[in-house]
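*Asks:* In my numbering, each number is its position in the sequence shown, counted from 1, plus 197. Ideal Cβ positions, reconstructed from N, Cα and C, are used throughout, including at glycine. The structure's right below; bear with me while I get my questions together.
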Amino acid sequence: QITLGRATKDNQIDVDLALEGPAWKISRKQGVIKLKNNGDFFIANEGRRPIYIDGRPVLGGNKWKLNNNSVVEVG
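Here it is, written out as structure tokens:
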């Protein structure tokens with residue numbers, strides 16, 4: 198699994214989106230990408246703001262299957 202979000206000294210994550218610019222809209226743990234046993238990738242939104250997958254909003258507490266070449270937008 199890969200965690201996405203905003204790193205702090207007490208919160209280490211795999212992909213620190215704060216390195217890309219202002220990150221005040223990004224949760225410390227915004228999302229998690231997981232590989233299922235069947236080879237499918239899913240993203241779970243663990244933040245309060247939506248994550249957009251191919252232009253579709255995925256609200257907090259929900260997950261979405263990632264297709265080949267999916268575009269993931271956070272913030």
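1) Using only CA atoms, which one of N234, R203, K233 lies nearest to A220?
2) Taking 6 Å as the limit between beta carbons, can you name the residues of its chain near D251, skipping five residues before and five after?
3) Please report how far the alpha carbon of K206 lies from the alpha carbon of R225, in whole angstroms.
4) Does DSSP classify L263 as helix, strand or coil?
5) Between which residues of its own chain and I199 is the CB-CB distance below 6 Å, once the five residues before and five after are set aside?
6) Over the uninterrupted beta strand (DSSP E) stretch that includes I250, give me the two end residues.
*Replies:* On the basis of the coordinates in this document:
1) Taking the sequence shown and counting its residues from 1, one reaches residue 220 at position 23. The shortest C-alpha separation from A220 is found at R203.
2) Reading the sequence shown from its first residue, position 54 is the one you call residue 251. S267, V268.
3) Along the sequence shown, read from residue 1 onward, the residue named residue 206 stands at position 9. Along the sequence shown, read from residue 1 onward, the residue named residue 225 stands at position 28. Cα to Cα, the separation comes out at about 11 Å.
4) The residue given as residue 263 occupies position 66 in the sequence shown. If DSSP states are grouped into helix, strand and coil, L263 belongs with the strands.
5) The residue given as residue 199 occupies position 2 in the sequence shown. The residues are D211, I230.
6) Taking the sequence shown and counting its residues from 1, one reaches residue 250 at position 53. Element bounds for I250: 248 to 250.
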